[in-house]
């Protein structure tokens, strides 16, 4: 079981933790849940609150779970779990049992599932959601590079 801490007590580099080490986004409940690897996102302050921003493609199975609940969790692991995160990023929970495939141990709370092996978990309450609008890219090369199969 993880120890609850205040966010302002954290000393971390979000660029490394998210961009290099990756994270798992998990959502759902004890009856049905899923997780996906994310290497994009952000941590910061918005609307006077500590916030996490995640971007989930519409085709991702985990999006259904995130949309259905008020909370989701961000799970951060030590580097020895990189193969597990790679597996979760290349296999869909629609097709495989990721719990079996990874050996991760889910912990279920009233808000969101997380994983016992995580070194840091952030349980997040959704504040805002929006579809990514390609017309809003100021640098059109990003849309072309990252979303070529529209």
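In our numbering, the protein residues as written are -8 to 141. In this text, a Cβ means the ideal position worked out from N, Cα and C, and glycines have one as well. If you're wondering where the values come from, they're calculated on a predicted model, not measured in any experiment.
Under 7 Å between C-beta atoms of residue 8 and residue 79: No.
Beta-carbon contacts of residue 92 that lie in its chain and below 7 Å, excluding the five residues immediately before and after: Counting only Cβ-Cβ distances below 7 Å, and skipping sequence neighbours, we find 78, 82.
Residue span of the alpha helix (DSSP H) that contains residue 77, given as start and end: The continuous alpha helix (DSSP H) containing residue 77 extends over residues 73 to 81.
Residue span of the alpha helix (DSSP H) that contains residue 64, given as start and end: Here residue 64 belongs to no alpha helix (DSSP H); instead the beta strand (DSSP E) covers 62 to 67.
Cβ-Cβ separation, residue 52 to residue 85 (assumed contact under 8 Å), whole Å: Residue 85 to residue 52, Cβ: 5 Å. Contact.
Contact under 7 Å by Cβ, residue 64 with residue 112: In this structure, residue 112 lies closer than 7 Å to residue 64 by Cβ.
Host alpha helix (DSSP H) of residue 142 (start-end): Within the shown structure, residues of the chain are numbered from -8 to 141, placing residue 142 beyond reach of any answer.
Candidates 114, 67, 48, of which the one nearest residue 102 by Cα: Here the closest residue by C-alpha is 114.
Closest residue to residue 19 among 132, 100, 133, 94 (Cα-Cα distance): The shortest C-alpha to C-alpha distance from residue 19 to any of 132, 100, 133, 94 is the one to 100.
Beta carbon of residue 42 nearer than 7 Å to that of residue 29: Going by C-beta atoms, residue 42 is not nearer than 7 Å to residue 29.
For residue 3, the three-state DSSP class (helix, strand or coil): In the structure shown, residue 3 sits in coil (DSSP, three-state: anything other than H, G, I, E or B).
Residue 67 beta carbon less than 7 Å from that of residue 110: Taking 7 Å as the Cβ cut-off, residue 110 and residue 67 qualify as a contacting pair.
Selected residue, minimal CA-CA separation from residue 24, among 141, 5, 57, 1: Nearest of 141, 5, 57, 1 to residue 24, Cα basis: 57.
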